[in-house]
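Right, one structure below, let's go through it.
Numbering (the numbering used here), first residue to last: 1 to 288.
The structure is reproduced here in C-alpha coordinates:
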(Lines of atoms letter the chains of each structure in order from A and count residues from 1; the text may use other names and numbers.)
(Lines give C-alpha, C1' and ligand atoms only; values in the text may rest on other atoms or scores of the structure.)
Protein backbone atom coordinates (compact mmCIF):
# COMPACT_ATOMS: atom_id res chain seq x y z
CA UNK A 1 0.00 0.00 0.00
CA UNK A 2 1.25 3.49 -0.90
CA UNK A 3 0.36 6.69 0.97
CA UNK A 4 1.77 9.33 -1.34
CA UNK A 5 3.12 12.43 0.44
CA UNK A 6 4.37 15.60 -1.19
CA UNK A 7 7.72 15.57 0.60
CA UNK A 8 8.42 12.05 -0.59
CA UNK A 9 6.80 11.96 -4.01
CA UNK A 10 9.88 13.14 -5.88
CA UNK A 11 11.99 10.57 -4.06
CA UNK A 12 9.47 7.88 -4.94
CA UNK A 13 9.55 8.88 -8.59
CA UNK A 14 13.35 8.72 -8.64
CA UNK A 15 13.33 5.43 -6.78
CA UNK A 16 10.93 3.82 -9.22
CA UNK A 17 13.01 5.12 -12.10
CA UNK A 18 16.42 4.01 -10.81
CA UNK A 19 15.83 1.12 -8.40
CA UNK A 20 14.88 -2.09 -10.19
CA UNK A 21 13.98 -3.94 -6.98
CA UNK A 22 11.66 -1.15 -5.77
CA UNK A 23 10.07 -0.96 -9.20
CA UNK A 24 9.49 -4.71 -9.27
CA UNK A 25 7.99 -4.84 -5.76
CA UNK A 26 5.73 -1.83 -6.43
CA UNK A 27 4.63 -3.29 -9.75
CA UNK A 28 3.74 -6.70 -8.35
CA UNK A 29 2.43 -6.00 -4.87
CA UNK A 30 0.91 -2.52 -4.65
CA UNK A 31 -2.88 -2.88 -4.56
CA UNK A 32 -3.96 0.15 -2.49
CA UNK A 33 -3.03 3.79 -3.12
CA UNK A 34 -4.11 6.78 -1.00
CA UNK A 35 -3.71 10.33 -2.30
CA UNK A 36 -3.86 13.20 0.19
CA UNK A 37 -4.17 16.73 -1.17
CA UNK A 38 -2.14 18.57 1.43
CA UNK A 39 0.66 16.03 1.09
CA UNK A 40 0.53 14.69 -2.42
CA UNK A 41 -0.57 17.42 -4.78
CA UNK A 42 2.23 17.23 -7.37
CA UNK A 43 0.11 16.09 -10.27
CA UNK A 44 2.91 16.14 -12.84
CA UNK A 45 4.51 13.21 -11.00
CA UNK A 46 1.41 11.03 -11.13
CA UNK A 47 1.95 9.48 -14.53
CA UNK A 48 5.56 8.55 -13.84
CA UNK A 49 4.48 6.87 -10.59
CA UNK A 50 1.22 5.19 -11.56
CA UNK A 51 2.63 3.51 -14.66
CA UNK A 52 4.64 1.42 -12.17
CA UNK A 53 1.53 0.47 -10.14
CA UNK A 54 -0.56 -1.47 -12.68
CA UNK A 55 -2.02 -3.86 -10.08
CA UNK A 56 -3.62 -1.15 -7.96
CA UNK A 57 -7.16 -2.24 -7.07
CA UNK A 58 -8.24 0.37 -4.52
CA UNK A 59 -7.84 4.12 -4.92
CA UNK A 60 -8.45 6.54 -2.04
CA UNK A 61 -8.69 10.35 -2.15
CA UNK A 62 -8.48 12.36 1.07
CA UNK A 63 -8.83 16.04 2.01
CA UNK A 64 -9.14 17.63 -1.44
CA UNK A 65 -10.86 20.99 -1.11
CA UNK A 66 -11.34 21.00 -4.88
CA UNK A 67 -11.21 17.55 -6.49
CA UNK A 68 -12.25 17.55 -10.13
CA UNK A 69 -13.82 14.48 -11.70
CA UNK A 70 -11.38 15.03 -14.57
CA UNK A 71 -8.48 14.56 -12.14
CA UNK A 72 -10.01 11.30 -10.92
CA UNK A 73 -10.41 10.11 -14.51
CA UNK A 74 -6.83 11.06 -15.30
CA UNK A 75 -5.48 8.87 -12.50
CA UNK A 76 -7.85 5.99 -13.21
CA UNK A 77 -6.61 5.86 -16.79
CA UNK A 78 -3.20 4.72 -15.46
CA UNK A 79 -4.56 2.01 -13.13
CA UNK A 80 -7.00 -0.13 -15.14
CA UNK A 81 -7.50 -2.73 -12.39
CA UNK A 82 -8.99 -0.37 -9.81
CA UNK A 83 -12.37 -1.70 -8.68
CA UNK A 84 -12.91 0.41 -5.54
CA UNK A 85 -13.01 4.21 -5.49
CA UNK A 86 -13.12 5.85 -2.06
CA UNK A 87 -13.44 9.64 -1.61
CA UNK A 88 -13.51 11.23 1.85
CA UNK A 89 -13.42 14.81 3.12
CA UNK A 90 -13.36 16.25 -0.39
CA UNK A 91 -15.36 18.67 -2.52
CA UNK A 92 -16.11 17.28 -5.97
CA UNK A 93 -16.15 19.70 -8.89
CA UNK A 94 -16.32 19.35 -12.65
CA UNK A 95 -14.56 21.01 -15.55
CA UNK A 96 -16.91 22.26 -18.25
CA UNK A 97 -16.65 20.76 -21.70
CA UNK A 98 -14.84 17.55 -20.78
CA UNK A 99 -15.96 14.30 -22.36
CA UNK A 100 -17.07 11.45 -20.10
CA UNK A 101 -14.58 8.61 -19.77
CA UNK A 102 -16.01 5.21 -18.82
CA UNK A 103 -14.39 2.91 -16.25
CA UNK A 104 -16.43 -0.29 -16.22
CA UNK A 105 -14.02 -2.06 -13.87
CA UNK A 106 -15.08 0.05 -10.88
CA UNK A 107 -17.81 -1.77 -8.97
CA UNK A 108 -17.60 -0.11 -5.54
CA UNK A 109 -17.90 3.58 -4.58
CA UNK A 110 -17.58 5.10 -1.10
CA UNK A 111 -18.25 8.79 -0.42
CA UNK A 112 -17.96 10.23 3.08
CA UNK A 113 -18.10 13.88 4.12
CA UNK A 114 -17.76 14.77 0.47
CA UNK A 115 -19.83 17.56 -1.06
CA UNK A 116 -20.48 17.84 -4.77
CA UNK A 117 -22.20 19.89 -7.41
CA UNK A 118 -24.93 18.13 -9.36
CA UNK A 119 -22.81 18.28 -12.53
CA UNK A 120 -19.85 16.72 -10.73
CA UNK A 121 -21.72 13.81 -9.19
CA UNK A 122 -23.55 13.21 -12.45
CA UNK A 123 -20.25 13.07 -14.33
CA UNK A 124 -18.82 10.70 -11.73
CA UNK A 125 -21.78 8.31 -11.82
CA UNK A 126 -21.84 8.36 -15.62
CA UNK A 127 -18.18 7.34 -15.73
CA UNK A 128 -18.62 4.32 -13.41
CA UNK A 129 -21.94 2.77 -14.53
CA UNK A 130 -21.14 -0.79 -13.42
CA UNK A 131 -21.33 -0.05 -9.70
CA UNK A 132 -22.52 -2.93 -7.54
CA UNK A 133 -21.75 -1.55 -4.08
CA UNK A 134 -22.45 2.09 -3.17
CA UNK A 135 -21.92 3.70 0.22
CA UNK A 136 -23.00 7.35 0.33
CA UNK A 137 -22.12 8.68 3.77
CA UNK A 138 -23.15 11.97 5.33
CA UNK A 139 -21.72 15.21 3.97
CA UNK A 140 -21.91 18.89 4.85
CA UNK A 141 -24.96 19.33 2.61
CA UNK A 142 -23.80 22.78 1.50
CA UNK A 143 -25.82 22.65 -1.72
CA UNK A 144 -29.58 22.31 -1.08
CA UNK A 145 -31.32 19.46 -2.96
CA UNK A 146 -28.04 18.23 -4.48
CA UNK A 147 -28.08 15.07 -2.36
CA UNK A 148 -31.61 14.23 -3.42
CA UNK A 149 -30.93 14.94 -7.09
CA UNK A 150 -27.70 12.93 -6.96
CA UNK A 151 -29.64 9.80 -6.02
CA UNK A 152 -32.04 10.38 -8.89
CA UNK A 153 -29.08 10.57 -11.28
CA UNK A 154 -27.57 7.41 -9.82
CA UNK A 155 -30.78 5.47 -10.41
CA UNK A 156 -30.75 6.52 -14.06
CA UNK A 157 -27.16 5.64 -14.97
CA UNK A 158 -26.07 2.85 -12.57
CA UNK A 159 -28.44 -0.10 -13.08
CA UNK A 160 -26.53 -2.91 -11.32
CA UNK A 161 -26.41 -1.83 -7.67
CA UNK A 162 -26.94 -4.71 -5.23
CA UNK A 163 -25.55 -3.25 -1.99
CA UNK A 164 -26.68 0.27 -1.12
CA UNK A 165 -26.02 2.36 1.97
CA UNK A 166 -27.31 5.95 2.17
CA UNK A 167 -26.65 8.38 5.02
CA UNK A 168 -26.99 11.59 3.01
CA UNK A 169 -29.10 14.35 4.55
CA UNK A 170 -32.22 15.87 3.02
CA UNK A 171 -33.22 12.92 0.89
CA UNK A 172 -36.96 12.82 0.25
CA UNK A 173 -39.21 9.85 0.82
CA UNK A 174 -40.22 9.93 -2.85
CA UNK A 175 -36.59 9.59 -3.94
CA UNK A 176 -35.99 6.66 -1.58
CA UNK A 177 -39.12 4.97 -2.88
CA UNK A 178 -37.91 5.49 -6.44
CA UNK A 179 -34.58 3.85 -5.58
CA UNK A 180 -36.39 0.89 -4.05
CA UNK A 181 -38.50 0.53 -7.17
CA UNK A 182 -35.43 0.60 -9.41
CA UNK A 183 -33.08 -1.56 -7.35
CA UNK A 184 -35.33 -3.41 -4.92
CA UNK A 185 -35.62 -6.73 -6.72
CA UNK A 186 -31.81 -7.13 -6.87
CA UNK A 187 -30.76 -5.66 -3.51
CA UNK A 188 -28.92 -7.95 -1.11
CA UNK A 189 -27.92 -5.20 1.34
CA UNK A 190 -29.71 -1.96 2.20
CA UNK A 191 -28.98 0.67 4.84
CA UNK A 192 -31.16 3.79 4.82
CA UNK A 193 -32.93 6.27 7.07
CA UNK A 194 -36.68 5.76 7.30
CA UNK A 195 -38.32 8.93 6.01
CA UNK A 196 -41.91 7.70 6.20
CA UNK A 197 -44.31 4.78 6.02
CA UNK A 198 -44.06 4.54 2.22
CA UNK A 199 -40.37 3.59 2.44
CA UNK A 200 -41.16 0.66 4.72
CA UNK A 201 -44.03 -0.38 2.49
CA UNK A 202 -41.84 -0.21 -0.62
CA UNK A 203 -39.13 -2.34 1.03
CA UNK A 204 -41.62 -5.11 1.77
CA UNK A 205 -43.03 -4.90 -1.76
CA UNK A 206 -39.88 -4.53 -3.87
CA UNK A 207 -36.87 -5.75 -1.88
CA UNK A 208 -37.86 -9.27 -0.96
CA UNK A 209 -34.39 -10.70 -1.70
CA UNK A 210 -32.68 -8.59 0.96
CA UNK A 211 -30.24 -10.46 3.17
CA UNK A 212 -28.96 -7.54 5.25
CA UNK A 213 -31.18 -4.58 6.19
CA UNK A 214 -30.51 -1.59 8.44
CA UNK A 215 -33.19 1.09 8.94
CA UNK A 216 -32.46 4.21 10.97
CA UNK A 217 -35.43 5.96 12.56
CA UNK A 218 -35.78 9.60 11.53
CA UNK A 219 -38.57 10.70 13.85
CA UNK A 220 -41.59 9.97 11.68
CA UNK A 221 -44.47 8.12 13.32
CA UNK A 222 -46.30 4.83 12.80
CA UNK A 223 -43.51 2.81 11.22
CA UNK A 224 -44.77 -0.77 11.18
CA UNK A 225 -42.06 -3.16 9.98
CA UNK A 226 -44.23 -6.26 10.28
CA UNK A 227 -44.63 -6.55 6.51
CA UNK A 228 -40.84 -6.48 6.08
CA UNK A 229 -40.49 -9.29 8.61
CA UNK A 230 -43.15 -11.26 6.80
CA UNK A 231 -42.22 -10.65 3.16
CA UNK A 232 -38.40 -10.48 3.15
CA UNK A 233 -37.76 -14.16 3.75
CA UNK A 234 -34.07 -14.06 2.79
CA UNK A 235 -33.12 -11.69 5.62
CA UNK A 236 -30.28 -12.96 7.82
CA UNK A 237 -29.68 -9.62 9.56
CA UNK A 238 -32.19 -6.85 10.31
CA UNK A 239 -31.34 -3.83 12.47
CA UNK A 240 -33.74 -1.08 13.52
CA UNK A 241 -31.56 1.77 14.77
CA UNK A 242 -32.84 4.25 17.41
CA UNK A 243 -36.33 2.80 17.12
CA UNK A 244 -39.04 3.95 19.58
CA UNK A 245 -40.18 1.03 21.70
CA UNK A 246 -43.85 1.75 21.00
CA UNK A 247 -43.29 1.26 17.26
CA UNK A 248 -41.59 -2.12 17.55
CA UNK A 249 -43.93 -5.02 16.64
CA UNK A 250 -44.93 -7.15 19.61
CA UNK A 251 -43.42 -10.27 18.04
CA UNK A 252 -40.05 -8.51 17.99
CA UNK A 253 -40.41 -7.20 21.55
CA UNK A 254 -41.29 -10.66 22.81
CA UNK A 255 -38.20 -12.08 21.15
CA UNK A 256 -35.91 -9.27 22.39
CA UNK A 257 -37.56 -8.57 25.75
CA UNK A 258 -34.44 -9.15 27.82
CA UNK A 259 -32.52 -6.56 25.76
CA UNK A 260 -35.06 -3.73 25.91
CA UNK A 261 -33.94 -0.72 27.92
CA UNK A 262 -34.81 2.97 27.60
CA UNK A 263 -37.18 4.72 25.23
CA UNK A 264 -35.20 4.16 22.04
CA UNK A 265 -33.29 1.05 21.18
CA UNK A 266 -31.32 -0.50 18.35
CA UNK A 267 -32.78 -3.92 17.63
CA UNK A 268 -30.49 -6.30 15.74
CA UNK A 269 -32.08 -9.55 14.64
CA UNK A 270 -30.11 -12.52 13.33
CA UNK A 271 -31.29 -15.37 11.13
CA UNK A 272 -32.72 -17.43 14.00
CA UNK A 273 -34.61 -14.44 15.41
CA UNK A 274 -36.04 -13.61 12.00
CA UNK A 275 -37.15 -17.18 11.28
CA UNK A 276 -38.95 -17.40 14.62
CA UNK A 277 -40.58 -13.98 14.20
CA UNK A 278 -41.69 -14.87 10.68
CA UNK A 279 -43.22 -18.09 12.00
CA UNK A 280 -45.10 -16.17 14.67
CA UNK A 281 -46.36 -13.64 12.10
CA UNK A 282 -47.74 -16.44 9.94
CA UNK A 283 -49.28 -18.12 12.99
CA UNK A 284 -51.02 -14.89 14.00
CA UNK A 285 -52.38 -14.49 10.46
CA UNK A 286 -53.82 -18.01 10.54
CA UNK A 287 -55.53 -17.30 13.86
CA UNK A 288 -57.16 -14.18 12.38
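Glycine included, C-beta positions come from ideal geometry on N, C-alpha and C.
- Contiguous beta strand (DSSP E) elements confined to the stretch 147 to 199 occur at 163 to 166 and 189 to 194, taking only those with 3 or more residues.
- For residue 87, the enclosing beta strand (DSSP E) starts and ends at 84 to 88.
- Judged by their CB atoms, residue 115 and residue 91 are nearer to each other than the 7 Å cut-off.
- If you look at residue 74, you'll find it in the alpha helix (DSSP H) that goes 69 to 76.
- For residue 125, the uninterrupted alpha helix (DSSP H) segment begins and ends at 118 to 127.
- In this structure residue 165 is not in contact with residue 131, their Cβ atoms being roughly 12 Å apart against a cut-off of 8 Å.
- Under DSSP, the beta-bridge partners assigned to residue 111 are 87 and 136.
- Under the three-state reduction of DSSP output, residue 266 falls in the strand class.
- Per DSSP, the continuous beta strand (DSSP E) segment holding residue 34 begins and ends at 32 to 36.
- Going by C-alpha positions, residue 214 is about 49 Å away from residue 17.
- Less than 7 Å divides the Cβ of residue 94 from the Cβ of residue 123.
- Its chain contains 273, 276 and 277 as the residues whose beta carbon lies nearer than 7 Å to that of residue 255, once the 5 sequence neighbours on both sides are disregarded; these appear in chain order.
- In the three-state reduction of the DSSP assignment, residue 51 falls in the coil class, being assigned neither a helical nor a strand state.
- Under the DSSP definition of a beta bridge, residue 61 partners with 35 and 87.
- Judged by DSSP secondary structure, residue 213 falls within the beta strand (DSSP E) whose first and last residues are 212 to 217.
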